[in-house]
Amino acid sequence: MSFDPMLGLIGQTPLIQLTRLDTGPCELFVKLESHNPGGSIKDRIALTMIEAAEREGKLQPGATIIEATAGNTGLGLALVAARKGYKLKLVVPDKMSLEKIFHLKALGAEVIITRSDVNKGHPLYYQDYARRIAQETPGAYYIDQFNNPANPAAHEHGTGPELWQQLGHAVDAVVVGVGSAGTLTGLSRFFKRADPAVEFVLADPVGSVLADYVETGSYGEAGSWRVEGIGEDFIPPMADFSAVHRAYRIGDEESIDTARQLLEVEGVLAGSSSGTLVAAALRYCRAQTEPKRVVTFICDSGNKYLSKQYNEGWLIDQGLKHLPQQGNLTDLITRRHDLGATVTCRPDETLADVYARMRRHDVSQLPVVEGDAEVVGIIDEWDLLLAVHDEPEHFRLPVRKAMSTELETLSPTDSTEKLLRTFNEGHVAIVVERGRFLGLITQADLINHWRQRWR
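The working numbering numbers the first residue of the sequence shown as 0 and each following residue consecutively.
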């Protein structure tokens, strides 16, 4: 245990039983690793790996730590490095949530973003990239969670004994996900001593190769998945699957739906990988014919994914949430006005208000709506530039003074060819049905629609 008051808060996280979800004949418990000071289970290994490197003389005061991470190990390392005075450079895949990236940078870490669509062996694969940076950086220490024995040690000597004590020495199954495999391997080692009858269950994202390996001893080419932090396209060197009795493949949609259910029904704000673990745990529990005590983890907090799995627009864009289909252009509107999803403005609002709204929602144009759903104009950044024109007091002008009123509208029954002509002529695609505004179709919406059909 560290003497640092902040680092001393790592571990001893609470355990609760889920009582509002259908767990079949079983009791299902979750350990709230989101309560660690850095917000995830990875705080544990960050502390043990850095302190092991200090004991072994691998880290000198003020040295630079380098690591490849899907996010949470980086956040744990950033917290510990900040408290201990080390520099930190992280290589992260581009599917990492913006919240994690902002958090890392705020902690003082240097973040290098690389591709998530390449496999091990490619020069831009995040682990290979980080190792190369470490070799090229004088005095740097590549902490390498995938091969660092202090990673599983954190769970063998910390997480495992905590679970055993909190569950009163009565547990039948542990459901885990695997990234670096530290959690699985460390807990397996502990429970082989404490109670060898404890079963381990693997929760694996669809697209990962790990479930195949558990079931057959071999694996093929990996697919892709959106869940962060678990699943791999190779077998982690430290992975010990000998205690794993069952593997469940969980798709992105089920993972995210489960995470959202956890919040809505149990009040637990969890990240996407926690959704995968709980979904697998629920499947396991419901498949049992006699009562068992099952435990899994809330690996991190959902506040790191508010822009993703808790963002309706992102879910629609990713094809993880499906609006009712009409078989016409309405299906291309991802921000439906009748569902309250379109960002709009009124004619009497000021240009200052409109500009602030564009910045807040990261859009460059807004439909101008009067009443419930009558589109009377559209205003974009060019309209604002023309209206203000180096006269800051013009920000007080109402929208009606700057908006464009010559509108080209489309009917839901119009063809895709007409939509493409609208784009080609430089117009905004405004969809109106019997005088009621339904929403805008952007070029990105059409591209995304085609991309999802291709998948």
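For every residue, glycine included, the Cβ atom is placed at its ideal position computed from N, Cα and C. The structure presented is a predicted model; accordingly, all values stated were derived computationally and were not measured.
So for Thr63, helix, strand or coil by DSSP? strand
Considering only residues of the same chain and omitting the five flanking positions on each side of Leu14, which have a CB-CB separation below 6 Å? Phe28, Lys30, Gln165
Simplified DSSP assignment, three categories, for Cys344: strand
Taking only runs that begin and end inside the segment 70-108, name each unbroken alpha helix (DSSP H) of 4 or more residues, in chain order. 71-83, 97-105
Straight-line gap, Thr341 to Arg334 (C-alpha atoms, nearest Å): 5 Å
Using DSSP's beta-bridge definition, name the partner residues of Leu384. BP columns for Leu384 are empty, so no partner.
Do Thr257 and Gly274 have their C-beta atoms within less than 8 Å of each other? yes
From the DSSP output, read off the bridge partner residues of Ile440. Ala428
Under 8 Å between C-beta atoms of His34 and Thr63: no
For Ile9, three-class secondary structure by DSSP: coil
Per DSSP, what kind of secondary structure is Pro411 in: helix, strand or coil? coil
Can you list the beta strand (DSSP E) stretches of 3 or more residues lying completely in the segment 238-302, in chain order? 243-249, 292-297
Segments assigned beta strand (DSSP E), at least 3 residues, entirely inside the segment 122-200: 139-141, 172-175
Just confirm the distance between the C-beta atoms of Gly270 and Tyr304, as a whole number of angstroms; I'd bet it's less than 8 Å. 5 Å
Which of the three DSSP states, helix, strand or coil, is assigned to Thr333? coil
What did DSSP end up calling Gly376 once you bin it into helix, strand or coil? strand
Can you tell me whether DSSP reads Gln451 as helix, strand or coil? helix
Using 8 Å as the threshold, is the C-beta distance between Pro411 and Val375 below it? no
Below 7 Å CB to CB, which residues in the same chain sit around Tyr125 once its five sequence neighbours on both sides are set aside? Ala67, Val90, Val91, Pro92, Thr113
Answer yes or no: do Phe199 and His244 have a C-beta to C-beta separation smaller than 8 Å? yes
Same chain, Cβ closer than 6 Å to Ala242, five either side skipped, listed in chain order: Ser187, Phe199
Which residues bound the beta strand (DSSP E) around Val29? 26-31
Is the beta carbon of Gly185 sitting closer than 8 Å to the one on Gly228? no
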